[in-house]
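Colleague:
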Amino acid sequence: MGKRIGMEVGIAAAEAVGLCNIDVAAVYPITPQSHIAEHLSDIVHDGRIDAEFITVESEHSSISACAGASATGARVYTATSSQGLMYMHEILPIVSAMRLPVVMGNANRAVSGPLNIWNDHTDIMPQRDSGWIVMHAENGQEVIDMTIQSFKIAEHADVMLPTVLNMDGFQLTHMIEPLEFPTQAEVNKFLPDRVPYATLHPDKPMSMGCFNMPEIFTETLKAKDTALINSKKTIVKIWNEWEKQFGRAYKPVETYKTKGADTMILTMGSMGETASVAVDELRKAGKPIGLVKLRLWRPFPLEELRMAIKGCKTLIVMDRAVSFGGAGGPVATEIKSLLFHDKDRPRIVDFIMGLGGRDVTVENFIDMVARAGKKKDESYEYYGVRE
Amino acid sequence: MKQKKWPEAWHEVTPGCMVFTPGSASTYKTGSWRAQRPIWENKQCIKCGICYMFCPEGCISETTEGFFEANLDYCKGCGICAHECWPQAIAMIEEEV
Ligand code: SF4
Ligand code: SF4
Numbered sequence: 362m363g364k365r366i367g368m369e370v371g372i373a374a375a376e377a378v379g380l381c382n383i384d385v386a387a388v389y390p391i392t393p394q395s396h397i398a399e400h401l402s403d404i405v406h407d408g409r410i411d412a413e414f415i416t417v418e419s420e421h422s423s424i425s426a427c428a429g430a431s432a433t434g435a436r437v438y439t440a441t442s443s444q445g446l447m448y449m450h451e452i453l454p455i456v457s458a459m460r461l462p463v464v465m466g467n468a469n470r471a472v473s474g475p476l477n478i479w480n481d482h483t484d485i486m487p488q489r490d491s492g493w494i495v496m497h498a499e500n501g502q503e504v505i506d507m508t509i510q511s512f513k514i515a516e517h518a519d520v521m522l523p524t525v526l527n528m529d530g531f532q533l534t535h536m537i538e539p540l541e542f543p544t545q546a547e548v549n550k551f552l553p554d555r556v557p558y559a560t561l562h563p564d565k566p567m568s569m570g571c572f573n574m575p576e577i578f579t580e581t582l583k584a585k586d587t588a589l590i591n592s593k594k595t596i597v598k599i600w601n602e603w604e605k606q607f608g609r610a611y612k613p614v615e616t617y618k619t620k621g622a623d624t625m626i627l628t629m630g631s632m633g634e635t636a637s638v639a640v641d642e643l644r645k646a647g648k649p650i651g652l653v654k655l656r657l658w659r660p661f662p663l664e665e666l667r668m669a670i671k672g673c674k675t676l677i678v679m680d681r682a683v684s685f686g687g688a689g690g691p692v693a694t695e696i697k698s699l700l701f702h703d704k705d706r707p708r709i710v711d712f713i714m715g716l717g718g719r720d721v722t723v724e725n726f727i728d729m730v731a732r733a734g735k736k737k738d739e740s741y742e743y744y745g746v747r748e
Numbered sequence: 042m043k044q045k046k047w048p049e050a051w052h053e054v055t056p057g058c059m060v061f062t063p064g065s066a067s068t069y070k071t072g073s074w075r076a077q078r079p080i081w082e083n084k085q086c087i088k089c090g091i092c093y094m095f096c097p098e099g100c101i102s103e104t105t106e107g108f109f110e111a112n113l114d115y116c117k118g119c120g121i122c123a124h125e126c127w128p129q130a131i132a133m134i135e136e137e138v
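Protein sequence lines, in the order shown, are assigned to chains A and B.
Counting with my numbering, you get residues 362 to 748 for the letters of the first sequence.
Counting with my numbering, you get residues 42 to 138 for the letters of the second sequence.
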């Protein structure tokens with residue numbers, strides 16, 4: 362294990378990719394992902410790795426180039442953010458339908474309009490139903506670890522699905538944190554070469570992602586859904602392997618001080634760090650509060666969530682996106698619907714907050730816990746909105 | 042890799058809808074879509090080959106006498122051959138239902 366160094370998280374994400382023996386990267390720069398794109402292109406240009414960096418003209422092209430390269434058996438990486446991810450949207454379900462293990466990093470940023478370049482989750486939420494494995498990192502170390510894990514997960518013979526690792530734009534990507542990199546030998550030991558299920562090659566003609574008539578389309582979609590659901594087993598297995606080799610544990614749902622907690626805060630991404638400080642404060646004041654952090658968003662880890670919230674009476678869900686004209690934030694909506702039949706399910710309080718880069722402080726979390734206690738129904742609320 | 046022509050159940054769908062037999066699309070006979078069929082009047086045909094080149098299905102072929110005919114297993118009845126044949130050697134007639 363290498364020593365800890367101070368590094369910007371976006372740069373560290375590119376460095377982590379540099380350890381993964383990639384063949385092709387096709388990345389279009391966009392704030393706040395640009396440092397990943399720039400630094401990865403430096404790594405390739407400086408000859409530190411033997412890979413092709415394709416300077417594409419758009420994100421539609423970057424994801425398409427990745428799909429094509431992946432179909433030939435290459436190990437590929439791309440990264441984007443916000444509008445870039447929206448521009449990729451058309452291709453995302455095709456990549457998963459073709460079972461191509463493309464690995465992506467997404468620096469979460471608000472989607473226009475109005476134009477806003479700061480952090481929230483409105484970019485990843487519209488991609489929810491694309492059939493990708495969707496994960497969220499909380500800090501820089503997790504970005505490094507999960508980037509490396511992503512290749513092993515995506516390419517595993519029992520998975521063969523693309524992955525997107527979310528890292529909050531600016532609030533995470535631009536932080537300088539003390540980080541520990543595994544050595545090249547350690548990564549080589551953890552991450553085997555890709556063994557593709559099939560490859561496109563002129564000497565051995567075959568087709569991928571073939572046209573479906575109505576007679577077979579339903580079966581194909583069920584097969585895709587099942588593949589994504591089943592991937593959880595392998596994801597957990599790979600995370601256990603990581604823990605064994607590197608000593609850092611990864612779980613689909615992380616918990617912090619949930620023992621005996623009747624109220625729990627649920628977060629996704631970097632705000633889990635702030636929330637944990639709030640939980641510390643509340644615990645000090647004798648309040649039975651815990652924290653639940655969703656690391657895996659797709660496939661949704663329902664069983665793990667049920668275990669994590671056992672005994673919880675009020676679950677306060679932090680949503681950094683909203684489904685306009687619908688049931689509220691996507692995370693709370695999902696949890697409400699999945700727990701609908703559970704007799705002892707907690708009351709679910711849904712706060713929409715942290716939109717477009719608005720800070721959510723320790724005091725805000727403490728205040729939200731107090732507000733949640735007073736709230737009578739389960740309607741959603743824009744926390745901190747000026748009335 | 043051997044595979045069935047048509048997966049019955051969802052778990053028989055190959056990952057990524059991959060097909061390992063080249064040219065297997067030809068097993069699907071698109072001729073059943075046709076509402077009209079092209080009929081060649083070879084007396085008017087000047088053997089220019091325009092119909093052959095324009096057929097979007099690629100289902101027109103040259104006979105040993107140098108005339109042209111459509112493979113009705115695949116001809117979708119689009120009428121492009123008849124439209125492009127300037128000596129008007131091709132007529133589109135209704136298919137009997
Ligand atoms: S009708 Fe259309 S499909 Fe049929 S032979 Fe003519 S051009 Fe080809
Ligand atoms: S386009 Fe008409 S004239 Fe030319 S080859 Fe075909 S049928 Fe004959």
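Just so it is clear, CB atoms sit at the ideal spot from N, CA and C, and this is done for glycine as well.
Owing to the predicted nature of the structure, the values given are computational and were not obtained by experimental measurement.
Based on Cα-Cα distance, which residue from Glu-451/A, Asp-680/A, Arg-747/A lies nearest to Asp-711/A?
Modeller: Along the first sequence, one-based indexing puts residue 711/A at 350. For Asp-711/A, the nearest C-alpha among the options comes from Asp-680/A.
Colleague: Please check if any C-beta of chain B sits within less than 7 angstroms of the C-beta of Thr-524/A.
Modeller: Within the first sequence, residue 524/A is the residue found at index 163, counting from 1. No, its Cβ sits nowhere closer than 7 angstroms to a Cβ of chain B.
Colleague: Along the region 541-567 of chain A, where does the CB come closer than 8 angstroms to a CB of chain B? Name the residues.
Modeller: Answer set for the region 541-567 of chain A: Tyr-558, Ala-559, Pro-566, Met-567.
Colleague: If you measure from the CB of Ala-130/B, is any heavy atom of ligand 2 nearer than 6 angstroms?
Modeller: Along the second sequence, one-based indexing puts residue 130/B at 89. Yes.
Colleague: Cβ closer than 7 angstroms: which chain B residues qualify as neighbours of Arg-460/A?
Modeller: Here residue 460/A refers to the residue found at position 99 of the first sequence. Here the neighbours are Pro-56, Gly-57.
Colleague: Give me whichever residues DSSP pairs with Val-60/B in a beta bridge.
Modeller: As a working mapping, residue 60/B is identified with position 19 in the second sequence. Ser-568/A, per the DSSP bridge assignment.
Colleague: Under 7 angstroms Cβ-Cβ, which residues of chain A neighbour Phe-61/B?
Modeller: To locate residue 61/B, count along the second sequence from 1; it is residue 20. By Cβ distance, chain A contributes Met-567.
Colleague: Tell me whether the beta-carbon of Met-507/A lies closer than 7 angstroms to the beta-carbon of Val-370/A.
Modeller: Within the first sequence, numbered from 1, the residue matching residue 507/A stands at position 146. Within the first sequence, numbered from 1, the residue matching residue 370/A stands at position 9. Cβ distance not < 7 angstroms, so Met-507/A and Val-370/A don't count as in contact.
Colleague: Should Met-486/A and Ala-682/A be called a contact, given that it needs their Cβ atoms to be closer than 7 angstroms?
Modeller: Residue numbering aside, residue 486/A sits at position 125 when the first sequence is read from its first letter. Residue numbering aside, residue 682/A sits at position 321 when the first sequence is read from its first letter. Their beta carbons are under 7 angstroms apart, which means Met-486/A touches Ala-682/A by this criterion.
Colleague: May I ask which residues mark the beginning and end of the beta strand (DSSP E) holding Met-368/A?
Modeller: Along the first sequence, one-based indexing puts residue 368/A at 7. Looking at the DSSP string, the run of the beta strand (DSSP E) that includes Met-368/A is 365-369.
Colleague: For Gly-745/A, decide whether its Cβ has a neighbour in chain B, counting only Cβ atoms nearer than 7 angstroms.
Modeller: Taking the first sequence and counting its residues from 1, one reaches residue 745/A at position 384. It does not: the Cβ of Gly-745/A has no partner Cβ on chain B nearer than 7 angstroms.
Colleague: Sort Cys-122/B, Thr-55/B, Val-60/B, Pro-56/B by Cα distance to Ser-568/A and report the nearest one.
Modeller: In the first sequence, residue 568/A corresponds to position 207, counting from 1. Closest by alpha carbon: Val-60/B.
Colleague: Taking 7 angstroms as the CB-CB limit, is Trp-51/B close to chain A?
Modeller: Start at 1 with the first residue of the second sequence, and residue 51/B comes out as number 10. Yes, because at least one Cβ of chain A sits closer than 7 angstroms to the Cβ of Trp-51/B.
Colleague: Quick one: does Gly-492/A have its CB under 7 angstroms from some CB of chain B?
Modeller: Indexing the first sequence from 1 puts residue 492/A at position 131. Chain B, which has no Cβ nearer than 7 angstroms to the Cβ of Gly-492/A, makes this no.
Colleague: Check each candidate in Asn-591/A, Phe-726/A, Pro-707/A, Pro-566/A and name the one with the smallest Cα separation from Ser-637/A.
Modeller: Here residue 637/A is taken as the residue at index 276 of the first sequence, counted from 1. Checked all of Asn-591/A, Phe-726/A, Pro-707/A, Pro-566/A; the closest Cα to Ser-637/A is Phe-726/A.
Colleague: When you measure from the CB of Ala-76/B to every non-hydrogen atom of ligand 1, does any distance come out below 6 angstroms?
Modeller: Looking up residue 76/B in the second sequence gives position 35. No, the Cβ of Ala-76/B stays beyond 6 angstroms of every heavy atom of ligand 1.
Colleague: In the DSSP output, what is Lys-674/A paired with across the bridge?
Modeller: Along the first sequence, one-based indexing puts residue 674/A at 313. The partner list for Lys-674/A (beta bridge, DSSP) is empty, contrary to what the question assumes.
Colleague: Skipping 5 residues on each side, what residues in its chain have a beta carbon closer than 8 angstroms to that of Arg-747/A?
Modeller: Numbered from 1 along the first sequence, position 386 holds the residue referred to as residue 747/A. The answer is none, since no qualifying residue turns up.
Colleague: If you follow the beta strand (DSSP E) that Glu-82/B is in, where does it begin and where does it stop?
Modeller: Start at 1 with the first residue of the second sequence, and residue 82/B comes out as number 41. It is not in any beta strand (DSSP E) - Glu-82/B carries neither H nor E in the DSSP assignment.
Colleague: Give the C-beta separation of Pro-79/B and Ala-123/B to the nearest angstrom, bearing in mind that I take them to be a contact with Cβ-Cβ under 8 angstroms.
Modeller: What you label residue 79/B is simply residue 38 of the second sequence in a count that begins at 1. What you label residue 123/B is simply residue 82 of the second sequence in a count that begins at 1. At roughly 6 angstroms, the Cβ-Cβ gap stays under 8 angstroms, so Pro-79/B and Ala-123/B are in contact.
Colleague: Thr-783/A bridges to which residues according to DSSP?
Modeller: No answer is possible for residue 783/A: it lies beyond the span of chain A, which begins at 362 and ends at 748.
Colleague: Mind checking which residues open and close the beta strand (DSSP E) that includes Arg-708/A?
Modeller: Position 347 of the first sequence, counted from the start, is the residue given in the question as residue 708/A. Note, Arg-708/A: beta strand (DSSP E), 708-713.
Colleague: Residues of chain A with a CB under 8 angstroms from the CB of Pro-48/B: which are they?
Modeller: Position 7 of the second sequence holds residue 48/B. The contacting residues are Ile-577, Glu-580.
Colleague: Output the residues surrounding ligand 1, defined as those with a CB atom closer than 6 angstroms to any ligand heavy atom, in chain order.
Modeller: Residues flagged by the Cβ proximity filter: Pro-79/B, Cys-96/B, Glu-98/B, Cys-100/B, Ile-101/B, Ala-111/B, Cys-116/B, Lys-117/B, Gly-118/B, Cys-119/B, Gly-120/B, Ile-121/B, Cys-122/B.
Colleague: Using 7 angstroms as the threshold, is the C-beta distance between Thr-560/A and Gly-434/A below it?
Modeller: What you label residue 560/A is simply residue 199 of the first sequence in a count that begins at 1. What you label residue 434/A is simply residue 73 of the first sequence in a count that begins at 1. Yes. Within cutoff.
Colleague: Is it true that the region 67-74 of chain B meets the region 580-598 of chain A, where meeting means three or more beta-carbon pairs spaced less than 8 angstroms apart?
Modeller: Output reads no: the region 580-598 of chain A does not touch the region 67-74 of chain B.
Colleague: With a Cβ-Cβ cutoff of 7 angstroms, do Ala-440/A and Gly-466/A count as a contact?
Modeller: Here residue 440/A refers to the residue found at position 79 when the first sequence is read from its first residue. Here residue 466/A refers to the residue found at position 105 when the first sequence is read from its first residue. For Ala-440/A and Gly-466/A, yes; Cβs fall inside 7 angstroms.
Colleague: Considering only residues of the same chain and omitting the five flanking positions on each side of Val-721/A, which have a CB-CB separation below 7 angstroms?
Modeller: Locating residue 721/A in the first sequence gives position 360, where the first residue counts as 1. Excluding sequence neighbours, Val-721/A sits near Met-632, Thr-635, Met-714, Gly-715.
Colleague: Note down, in chain order, each residue of its chain lying with its Cβ closer than 7 angstroms to the Cβ of Met-42/B, except the 5 sequence neighbours on either side.
Modeller: Sequence index remark: in the second sequence, residue 42/B carries index 1 (1-based). A caution first: Met-42/B carries a pLDDT of 46, below 50, which makes its placement in the model too unreliable to give a value.
Colleague: In whole angstroms, what is the alpha-carbon distance linking Asp-384/A and Val-437/A?
Modeller: By one-based count along the first sequence, residue 384/A stands at place 23. By one-based count along the first sequence, residue 437/A stands at place 76. Near 6 angstroms, if we compare the C-alpha coordinates of Val-437/A and Asp-384/A.
Colleague: What's the C-alpha gap between Ala-639/A and Gly-492/A?
Modeller: For the purposes of this step, residue 639/A is identified with residue 278 of the first sequence, where counting begins at 1. For the purposes of this step, residue 492/A is identified with residue 131 of the first sequence, where counting begins at 1. Each residue's Cα considered, the two are about 34 angstroms apart.
Colleague: Between Ile-391/A, Val-614/A, Ala-518/A, Arg-644/A, which has its C-alpha nearest Trp-658/A's C-alpha?
Modeller: Residue numbering aside, residue 658/A sits at position 297 when the first sequence is read from its first letter. It is Val-614/A whose Cα lies nearest to the Cα of Trp-658/A.
Colleague: What is the DSSP secondary structure of Met-42/B, counted as helix, strand or coil?
Modeller: Within the second sequence, the letter at position 1 stands for residue 42/B. With a pLDDT of 46 at Met-42/B, under the threshold of 50, the modelled position of this residue cannot be trusted, and the question is left open.
Colleague: Which residues, in chain order, does the region 509-523 of chain A contribute to contact with chain B at a C-beta distance below 7 angstroms?
Modeller: Those residues of the region 509-523 of chain A that come within reach of chain B (Cβ to Cβ, closer than 7 angstroms) are Met-521.
Colleague: So is the beta-carbon of Ile-134/B under 6 angstroms away from any non-hydrogen atom of ligand 2?
Modeller: On the second sequence, position 93 is the one that residue 134/B refers to. Every heavy atom of ligand 2 is 6 angstroms or more from the Cβ of Ile-134/B, so no.
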